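Numbering (this note's numbering), first residue to last: 63 to 338.
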């Protein structure tokens, strides 16, 4: 069992509206401050979705680059861009986020129902993201919404080789309506199908956040938390900010006697190269 816990914060996402969730960080300054504050309480990676001046999700490359630069100025966090964007984003725009030269990027391993929508991730897009990241020295985090996505991961590695950095790291996204449930049983069903040597984190959406964190820690896994996935801290209590969620995850990791990794630890763990 790895003696430390990788904590990723996903502060914004593409689903919630700022008008409905005033604490959601959407401006460049808000995201940069969130990165700084979350690193201070234990985060090592930040998973970024970007919003435009009107607070709407955007993959505009200029805006993405601006947010990446601001986060790097305010923190030492590993910058992981979402290549998923919003469910309505075209494939070419999702690929283009790699031009912002993040340390890492998400790579979703299959199409999944997403509430009333469809999050489309066909094989050719998966392969293109994987090979583009290999060529650009970007480390993928493989996003798994259902058990069958692990079969796709094995097929991808067999046909196109290991990711940049050589280390396979998976994030189980659990509790999305249309994907696998956020339960201990679902997590336990997935673990035997991880590629040899792979590590995993788990994300529990909504009310599954706490059960998934506890299950992941008990199985030697890592954690992703944040307002992208969770807007309620406890029944009837809205999340104050992302720092509150990271601090709780860090506390649970310490109780499990696997304290949070530093950002430098995370780079070594994930196989991320130092930028020149």
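Beta carbons are placed, not taken as given, at the ideal position from N, Cα and C, and that holds for glycine. Just so you know, these numbers come straight off a predicted model, no measurement behind them.
Does residue i come out as helix, strand or coil in the three-state DSSP assignment?
i: residue 241; result: strand
i: residue 200; result: coil
i: residue 137; result: coil
i: residue 207; result: coil
i: residue 90; result: helix
i: residue 336; result: coil
Buried or exposed: residue i, going by 16 or more other Cβ atoms within 10 Å of its Cβ?
i: residue 198; result: exposed
i: residue 335; result: exposed
i: residue 108; result: buried
i: residue 294; result: exposed
i: residue 91; result: exposed
i: residue 188; result: buried
i: residue 258; result: exposed
i: residue 164; result: buried
i: residue 150; result: exposed
i: residue 180; result: exposed
i: residue 177; result: exposed
i: residue 299; result: exposed
i: residue 115; result: exposed
i: residue 280; result: exposed
i: residue 329; result: buried
Please state whether the Cβ-Cβ distance between residue i and residue j is less than 8 Å.
i: residue 289; j: residue 265; result: no
i: residue 72; j: residue 302; result: no
i: residue 283; j: residue 201; result: no
i: residue 74; j: residue 93; result: yes
i: residue 106; j: residue 323; result: yes
i: residue 41; j: residue 206; result: Nothing about residue 41 can be read from this structure; the chain reaches only from 63 to 338.
i: residue 148; j: residue 119; result: yes
i: residue 191; j: residue 145; result: yes
i: residue 250; j: residue 232; result: no
i: residue 174; j: residue 240; result: yes
i: residue 325; j: residue 138; result: yes
i: residue 225; j: residue 196; result: yes
i: residue 222; j: residue 193; result: yes
So if DSSP puts residue i in a beta bridge, which residue, or which two residues, is it bridged to?
i: residue 143; result: 110, 167
i: residue 175; result: 180
i: residue 195; result: DSSP lists no partner for residue 195.
i: residue 234; result: 206, 264
i: residue 71; result: 108, 287
i: residue 119; result: 113
i: residue 84; result: None; residue 84 has no bridge partner.
i: residue 322; result: 67
As an exercise, report each continuous beta strand (DSSP E) stretch of at least 3 residues that is fully enclosed by the region 247-309, in chain order. Look at the region 247-309 and you find these whole runs of beta strand (DSSP E), each 3 residues long or longer: 261-266, 284-287, 294-296.
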